[in-house]
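Residue numbering for the sequence shown follows my numbering, beginning at 1261 and increasing consecutively.
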Amino acid sequence: MSYAVAGKNVLVTGASSGIGAALAEGFARAGATVGICARRRDRLEAALARCQEHAPESQMWTVDLSDLDGIAGFAKEVDGALGGVDVLVNNAGIPKRRHATELEPAVVESVMAINYFSPVRLTLALLPGLIERGGRIVNISSIAARLGPPREAAYSASKAALTAWSESLKVDLADTGVDVHVVNPGVIDTELFELPDNDKLIADDVDALPVEAMVQPVLDQLANGTFEIFVPEWFADIVGGKFPDTGAFLDGTIAYVRSKSG
Ligand SMILES: NC(=O)c1ccc[n+]([C@@H]2O[C@H](COP(=O)([O-])OP(=O)(O)OC[C@H]3O[C@@H](n4cnc5c(N)ncnc54)[C@H](OP(=O)(O)O)[C@@H]3O)[C@@H](O)[C@H]2O)c1
């Protein structure tokens, strides 16, 4: 199912910084009109200016997507303003690096709200239009969804939920003309690693890629109809090595964490 984004309307959530801002600019450069949203107006304005150099009709919205009850109204507004969303990129998300023994239920639920329930709400709100337009849904998940990294139980569970949702969604939508994609970034150099209220990253020995490294793989994924991609690609081999014996893989992770903490 080859798909070109040129001439399409693409909504990218969480596009005020990092991967979302890079993808939005990449879509605009590829000929799409882009809608971007996040909470920080100043950062969105800067990202929008870069998109409008290539796609002058692009627009922005400031919105807090953790306000789940506001999402249906937001979706309606964006769909109307863009004249229909063809591609929904659910990218907005937050990290949570915290040891399981120090997690409060409210923290776990707040991570789930922005990383899982908000993309689900936005998808369901836009789905009738996406079906009408034969659209695409791109969910920015994480390598964490597949590997169970240390001190990221809340985060990896929210991303695993998004990945599992995406798998079933693809199957359910198979005869509608809508295709679904999962993107698993590895370590990409963004503000996600600097946000307050998070422990230090344990796996600090992986070289972070620049955000630009995300753009062509996602454009290719849409063009080729590939369900799941990893950036960098070698993470796919790590995941492939895990599944035959998850217990052995987790024992290896425990040994790695012990070696890091001396
Ligand atoms: N960087 C990596 O190595 C990596 C690895 C795996 C997965 N990911 C995933 O990639 C996605 C993008 O992250 P990033 O690395 O590019 O980090 P980032 O620069 O911190 O980007 C996160 C984006 O989400 C937005 N956002 C957060 N909470 C929001 C809310 N309540 N409402 C609306 N927007 C919200 C942020 O904008 P505002 O703060 O302006 O609202 C920002 O635009 C996330 O889903 C993340 O989990 C990243």
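C-beta: ideal position from N, C-alpha, C; glycine also.
Residues bridged to residue i [DSSP beta-bridge criterion]
i: residue 1444; result: 1490
i: residue 1295; result: 1271 and 1319
i: residue 1348; result: 1271 and 1397
Local Cβ density within 10 Å of residue i, reported as buried at 16 or more and exposed below that
i: residue 1362; result: exposed
i: residue 1301; result: exposed
i: residue 1359; result: exposed
i: residue 1262; result: exposed
i: residue 1382; result: buried
i: residue 1497; result: exposed
i: residue 1426; result: buried
i: residue 1346; result: buried
i: residue 1435; result: exposed
i: residue 1431; result: exposed
i: residue 1450; result: buried
i: residue 1315; result: buried
i: residue 1389; result: buried
i: residue 1480; result: exposed
i: residue 1455; result: exposed
i: residue 1287; result: buried
i: residue 1296; result: buried
i: residue 1384; result: exposed
i: residue 1439; result: buried
i: residue 1518; result: exposed
i: residue 1521; result: exposed
i: residue 1355; result: buried
i: residue 1305; result: exposed
i: residue 1444; result: buried
i: residue 1495; result: buried
i: residue 1515; result: exposed
Inter-residue CB distance, residue i and residue j (contact presumed, cutoff 8 Å)
i: residue 1419; j: residue 1375; result: 6 Å
i: residue 1327; j: residue 1386; result: About 17 Å; that fails the 8 Å criterion.
i: residue 1330; j: residue 1298; result: With 8 Å as the limit, residue 1330 and residue 1298 do not qualify as a contact, their Cβ atoms being about 14 Å apart.
i: residue 1269; j: residue 1344; result: 6 Å
i: residue 1368; j: residue 1414; result: 5 Å
i: residue 1279; j: residue 1403; result: Not confirmed; about 13 Å, so no contact.
i: residue 1487; j: residue 1447; result: Not confirmed; about 22 Å, so no contact.
i: residue 1407; j: residue 1272; result: Not a contact, Cβ separation roughly 25 Å.
i: residue 1310; j: residue 1276; result: Their Cβ separation, rounded to whole angstroms, is 12 Å, which puts residue 1310 and residue 1276 out of contact at 8 Å.
i: residue 1236; j: residue 1412; result: Nothing about residue 1236 can be reported from this structure: the residues present for the chain run from 1261 to 1522 only.
Query raised in the report: Does the pairing of the stretch 1278-1297 with the stretch 1470-1480 give three or more beta-carbon distances under 8 Å?
Result: yes
Requested in this report: Output the residue ranges of the beta strand (DSSP E) runs that lie fully inside the stretch 1397-1470 and measure 3 residues or longer, sorted by chain position.
Outcome: 1439-1445
Query raised in the report: Are at least three pairs of beta-carbons, each pair with one atom in the stretch 1389-1397 and one in the stretch 1487-1502, less than 8 Å apart?
Result: no
Query raised in the report: Counting Cβ pairs closer than 8 Å, one from the stretch 1366-1381 and one from the stretch 1339-1356, do we hit at least three?
Result: yes
Query - Contact between the stretch 1454-1469 and the stretch 1291-1298 (3+ Cβ pairs under 8 Å) - result: no
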